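Numbering (this note's numbering), first residue to last: 10 to 111.
Where a beta carbon is used, it is the ideal one built from N, C-alpha and C, also for glycine.
Fair warning: this is a prediction, and the values are worked out from it, not measured in the lab.
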């Protein structure tokens, strides 16, 4: 999708497109824990944990976008996920490693 296409979208269309993209990510994340490596090994527990967190954050983001689209308030689950994301974003080490321009 080009920048021009995005610029021509309404806010509602942008929200809907974001939801569609995140739903595709959800499907892909749901498949990861069941994947086996060629040597028959499984994901490490910490990798499964990271995927689980990504799924939670993706689901919460979809719910938040849908709420914005419908004008509803976020659930406590979404509010908590948002709080965690901001805590990570504001963490000095995270910022140093991932946001050097900040």
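Neighbour-count burial assignment, residue 39, 16 or more Cβ in a 10 Å radius: The sequence position of residue 39 within the chain shown is 30, counting from 1. It counts as exposed.
When you compare each of 32, 52, 44 to residue 65 by their alpha carbons, which one comes out closest? Position 56 of the chain shown, counting from 1, holds the residue named residue 65. Taking only the C-alpha atoms, the option nearest residue 65 is 32.
Does the beta-carbon of residue 69 have 16 or more other beta-carbons within 10 angstroms, so that it is buried, or is it exposed? Position 60 of the chain shown, counted from the start, is the residue given in the question as residue 69. The residue in question, residue 69, is buried, as its Cβ has 16 or more Cβ neighbours within 10 Å.
Taking 8 Å as the cut-off, does the region 69 to 80 touch the region 54 to 61 (at least 3 CB pairs, one atom from each stretch)? no
Residues of its chain near residue 25, where Cβ-Cβ distance is below 6 Å and the 5 sequence neighbours each way are ignored: As a position in the chain shown, residue 25 is number 16, starting the count at 1. Same-chain partners within the cutoff: there are none.
Simplified DSSP state of residue 48, which is helix, strand or coil: Mapped onto the chain shown, residue 48 falls at position 39. If DSSP states are grouped into helix, strand and coil, residue 48 belongs with coil.
Taking the alpha-carbon positions, what's the residue 101 to residue 108 distance? Counting from one through the chain shown, the residue named residue 101 turns up at place 92. Counting from one through the chain shown, the residue named residue 108 turns up at place 99. Straight-line Cα distance between these residues: approximately 10 Å.
Determine the direct distance from the alpha carbon of residue 63 to that of residue 110, and round the result to whole angstroms. Position 101 of the chain shown holds residue 110. Position 54 of the chain shown holds residue 63. Going by the C-alpha atoms only, they are around 24 Å apart.
Just the C-alpha distance for residue 77 and residue 46, rounded to the nearest angstrom, thanks. Numbered from 1 along the chain shown, position 68 holds the residue referred to as residue 77. Numbered from 1 along the chain shown, position 37 holds the residue referred to as residue 46. C-alpha separation (whole angstroms): 39 Å.
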